[in-house]
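Number of protein chains: 2
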Amino acid sequence: MTPVADHLDPYARATWTPAGAADARLPAHAAGWLRERTGLRDVRTPVVHPDVPESALPGDARAALAAIVGDEHVRADARTRLGRSGGLSYLDLLAHRGGRIDVPDAVVEPADPDAVQRVIESCVEHDIAVVPFGGGTSVVGGVKALRGDKAAVIALDLARLDRLVSVDPVSRIAVLQAGVVAPDAERMLAAHGYTLGHFPQSFERATVGGFAATRSSGQASAGYGRFEAMVEGVRVATPRGEWRLGVAPASAAGPDLKQLVVGSEGAFGVITEVALRVRPIPKAQRYEGLVFDGWAAGVAAVRALAQDGGRCSVVRLSDPQETEVGFTLKGGWKITALRRYLRARGVVEPCLLVLGWEGRDKADLAARRRATLRLLSGYVSLGTAAGEAWRHGRFAGPRQRDALMDAGVCVETLETATHWSRLDALRAAVRTALLDSLTTAGRRPIVACHISHSYETGASLYFTVLVPRSDDPVAQWTDAKRAACEAITGLGTISHHHAVGVDHAPYLAEEIGGLGVDVLASVKRELDPTGVLNPGKLVVGRRPAR
Amino acid sequence: MTPVADHLDPYARATWTPAGAADARLPAHAAGWLRERTGLRDVRTPVVHPDVPESALPGDARAALAAIVGDEHVRADARTRLGRSGGLSYLDLLAHRGGRIDVPDAVVEPADPDAVQRVIESCVEHDIAVVPFGGGTSVVGGVKALRGDKAAVIALDLARLDRLVSVDPVSRIAVLQAGVVAPDAERMLAAHGYTLGHFPQSFERATVGGFAATRSSGQASAGYGRFEAMVEGVRVATPRGEWRLGVAPASAAGPDLKQLVVGSEGAFGVITEVALRVRPIPKAQRYEGLVFDGWAAGVAAVRALAQDGGRCSVVRLSDPQETEVGFTLKGGWKITALRRYLRARGVVEPCLLVLGWEGRDKADLAARRRATLRLLSGYVSLGTAAGEAWRHGRFAGPRQRDALMDAGVCVETLETATHWSRLDALRAAVRTALLDSLTTAGRRPIVACHISHSYETGASLYFTVLVPRSDDPVAQWTDAKRAACEAITGLGTISHHHAVGVDHAPYLAEEIGGLGVDVLASVKRELDPTGVLNPGKLVVGRRPAR
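The listed protein sequences correspond, in order, to chains A and B.
Throughout the first sequence, residue numbering follows UniProt numbering, covering 1 to 546 in sequence.
Throughout the second sequence, residue numbering follows UniProt numbering, covering 1 to 546 in sequence.
Listed below in structure tokens is the structure:
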């Protein structure tokens, strides 16, 4: 586990700084390949730090907040505020490089759940918008500092809610405060012999509160399930008081309201504590790479694992395009020799399947691996080297984006999920939409895709886009994203694990119906009558048709 | 699979008829044992058929409903109405034997989801209460014909929604209409090679719509999960129009609204179709009985199976009291010889654990059984005979109640669930509450308990009560049930799989908070503004504190 100390440093996540950009460099061979493959030219845009307006937080509100959290924890300096301005989407990063940006009027840092509750009540009293802020890794505008109809907005920074509250080893439940960053959660749980097993790509920065608020899903979801499956209970600060849920592992005492809080993205309340199912740290792990010939063969393999008891913890299938990018960019591969090796074994369109197993001991792991491989045929094994290469780089994606952007690349991801019988149609529709939108005379986009989460009834699709940046980069990506969302609508979900935020809100009604939007709005009105909580996200104010 | 044809017969479920009472007889040895063990005396109460009042359905409403469903499907005769008056709780059965009973003013039988939608709209127009009625197996008052503030109430009988709509073999999803009774669902799916794997004790009569509306859990939940885990999508008729949910196997597009519909008990809308995950019919099955010495050893075994990969489909642990009842009443056991056999192996307080395995073939089943038994020690095996005896009688409980009631026994069940670390405290508290409430000079109650659903973080507790009936049987059970509910509150959930209905509604606020009740009420107001849907159930009208 990489220890991540920088999440408490308000500057560390300001990705527009040279320090952020130095996190990962683009290897020369990669830059060369991108130029050839996509038409990338050596045009650089200077980084211009965005303007930070004066804080609009009224003096009496500031004093009231300071009385709750302490004067030094109501921060209004430009750098701190800029560090809590939006998340880590491509458009967010563009904004940090010189675009228009929504900056909170102050960053407020309560020490504990009680203080969060009082901050919210104070914001209701002073009619100030509240944007809950955990790791700030949203890629859908979920932590944009929007003020809605309020005169001021604060970022409610949960970094000080960093405690492991309790561990119940009999029930295997741990209660964590919402601001605990995933690596810290793993470190604190490891002292008790436990793991959450939740490893999304945002792992190094994201918080357990954020995971719950957004229905996160980690790379080991085949073994550990989605984050919502781990949530045994929640403690939520709302404008109408504290709300606690979760007395039993399962219940028929009405609808599952925990599942209404999980995924509510700070619009109904601020999650301050999460009770989570934990598991013993596995004693044995193994990662392997297998290559299938073509997408259809790979999908059939992943479906068999999901439906017939694959017993893996990690199942990740790259499509031919992503496999090509991986072989080419990730380094370490003798690409020509590898292709020759695969072709000699009948593989003309390689699709890489990474599998990971975990066991309580080596025998358990071996039994799981046997159960997996019994379901598969027609693959070429690349052994543990390919698996370990994936594992080594699995959190690196976000860090490489700055280097790509420095080189003039538009780089972004988007994701969806659907049932197996529509999976190919969905992939084709999204690919076509993105390619049609982004291809121009001089630009040949790469649209790569993988399945990283599979279920008995379907799977996710995760797309990565690389294309030379246009002169109007915001419009370039906005148009492409809109085209992709329209392609998804009706075929799959608008988000499998990135949540709704600002970006997906326009498509929500198509997915959950006008009635669904009205139901969310009714819950919002009940819990947040004056609308201070995270305005402009998730519930965007469709009024009942009555 | 027992074919159940009588669910379409309106008289078949009128349990007050002699035919109902003849379903199962009480063996002589059981009656003798009950007399000795509980103080039961041979006092019989004559069965008095309850009065059925004149239908209060206004003529214009009747005509409007007949125009939608056909004249012959608006039924107002006394027997049909009585057959749709409440569910199958002990108090319901008492009422059918001569108590006060709420009778619907008509039974309306729409043919399909569209007709259900139009019936609801018509009931809104005529301000008539609607009680959705599936198998009528509620034991918490969920289908009581309450009219709330309306002048009339109809039972919306879903029996004609009996179709398998579609099967998607690639995604392993089947769409079933809500009124399909579980045995019919299994029969129709078996033609495609699939099973739901959902076998609650209500199996012979209950419907898939009812399973979804109440968050049902079946006896094979260790292998197949709770019913809500099978629900991929729902189609719901509401006063504000149809609502469809479920485009993907998992989603982060906001809170999971499907989980708000599942468990909504007809208060938000009437579920008309359910898309369900199905699985191939297992080729191999095996059931065994194991005996542990004492509750603590049995619970430790069940917890190990739930937390460390037991790989069973059925896990059911009886406490010493239930084990004693089972050994004594279920017949076929040479009870004295069995006790001697067990005592010779060190078992002084036997607890029976029934385990069931399913495999795609015999080798798979054997591997699962090995994985299970590796986690267990310190038990005495009773082999497959004990497992098969349980399997044979697993749906018989409800049928035996009439015979027990004929013999003067108060017989009822209740259930809860909690996390492992509180399980013993919860069992002790409920046992004490029931024993204290029901024990008198002449009456020695039996309170038996089992775990039939276990999870990584906790388990359910299911209590069966047998006690000689008092002169005021309604008060006798009402007091005992209240004592049990008060004992549960704060320690566990008020219902693990029986739902809320009328009976548990008073305890809901303690479990989900006043805010939780307000949230349910806000959703109810949004979807059912005039409150026609299932009044008095689940959402009992706590008004917001604002």
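We treat Cβ as the ideally placed atom computed from N, Cα and C, and that holds for glycine.
May I ask which residues mark the beginning and end of the alpha helix (DSSP H) holding residue i?
i      : result
A/C485 : P473 to I488
B/H496 : Looking at the DSSP string, B/H496 is not in any alpha helix (DSSP H), and its letter there is neither H nor E.
A/L375 : That residue, A/L375, is in no alpha helix (DSSP H); it is neither H nor E in DSSP.
B/A521 : A505 to L527
Is it the case that the Cβ atoms of residue i and residue j are separated by a distance below 8 Å?
i      : j      : result
B/P132 : B/L158 : yes
A/V500 : A/L491 : no
A/A301 : A/G359 : no
B/H504 : A/A253 : yes
B/A145 : B/D77  : no
A/D319 : A/A429 : no
A/R147 : A/P535 : yes
A/V502 : A/G141 : yes
A/G99  : A/P50  : yes
B/A220 : B/G197 : yes
B/P200 : B/A206 : yes
A/A459 : A/A417 : yes
A/L414 : A/A371 : no
A/V231 : A/L276 : yes
Can you grab the Cα-Cα spacing for the pair residue i / residue j, in whole Å?
i                      : j      : result
B/L365                 : B/G393 : 23 Å
A/G209                 : A/R303 : 31 Å
A/A115                 : A/P473 : 41 Å
B/G193                 : B/L305 : 29 Å
residue 634 of chain A : A/T464 : Outside the shown range of chain A (1 to 546) lies residue 634 of chain A, about which nothing can therefore be said.
A/F211                 : B/E288 : 41 Å
B/W33                  : B/L338 : 17 Å
B/A185                 : B/S217 : 16 Å
B/R316                 : B/H450 : 7 Å
B/F203                 : B/P183 : 7 Å
B/L168                 : A/I494 : Strictly speaking, residue 168 of chain B in this sequence is Asp, with Leu absent from that position. In a straight line, the C-alpha of B/D168 is about 22 Å away from that of A/I494.
A/L533                 : B/R84  : 46 Å
residue 549 of chain A : B/P239 : Outside the displayed range of chain A (1 to 546) lies residue 549 of chain A, so it cannot be described from this structure.
A/D149                 : A/A129 : 8 Å
A/G266                 : B/F292 : 48 Å
B/E349                 : B/H419 : 24 Å
B/D471                 : B/P398 : 23 Å
State buried or exposed for residue i, treating a residue as buried only when at least 16 other CB atoms are found within 10 Å of its CB.
i      : result
B/E72  : exposed
B/R345 : exposed
B/P27  : exposed
B/A22  : Any answer about B/A22 is weak, because its pLDDT of 44 lies below 50 and its placement is not dependable; what the coordinates show is given next. It counts as exposed.
A/P53  : exposed
A/T384 : exposed
A/P46  : exposed
Under DSSP, the beta strand (DSSP E) around residue i begins and ends at which residues?
i                      : result
A/D92                  : Premise fails: A/D92 lies in the alpha helix (DSSP H), Y90 to H96, not in any beta strand (DSSP E).
residue 566 of chain B : This structure cannot speak to residue 566 of chain B, because chain B is shown only from 1 to 546.
A/A416                 : One point to set straight first is that residue 416 of chain A is Thr, not Ala, in the sequence displayed. Start and end: V409 to H419.
B/Q285                 : A284 to D293
B/P27                  : It is not in any beta strand (DSSP E) - B/P27 carries neither H nor E in the DSSP assignment.
B/D78                  : Here residue 78 of chain B turns out to be Ala, not Asp, going by the sequence shown. Where B/A78 is concerned, there is no enclosing beta strand (DSSP E), although the alpha helix (DSSP H) it sits in stretches over A78 to G83.
B/A275                 : V270 to R277
A/S437                 : Where A/S437 is concerned, there is no enclosing beta strand (DSSP E), although the alpha helix (DSSP H) it sits in stretches over L423 to L438.
B/L146                 : It is not in any beta strand (DSSP E) - B/L146 carries neither H nor E in the DSSP assignment.
A/A448                 : I446 to I451
A/D157                 : V153 to D157
B/V314                 : V314 to S318
Please list the partners that residue i has in chain D, where partner means a Cβ-to-Cβ separation under 8 Å.
i      : result
A/R244 : Here chain D cannot be found, since the structure's protein chains are A and B.
Using 7 Å as the cut-off, classify the Cβ of residue i as near or not near the heavy atoms of the ligand SAH, replying yes or no.
i      : result
B/I271 : This structure lacks the ligand SAH; in fact it carries no ligand of any kind.
*Sequence ranges, alpha helix (DSSP H) only - wholly within the region 92 to 142 of chain A, length at least 4*: Here the runs fully enclosed are 113 to 126.
*Quick one: complete alpha helix (DSSP H) runs, 4+ long, within the region 168 to 242 of chain B?*
182 to 190, 208 to 214, 221 to 224 and 227 to 230
_Inside the region 325 to 374 of chain A only - beta strand (DSSP E) runs reaching at least 3 residues_ = 350 to 359
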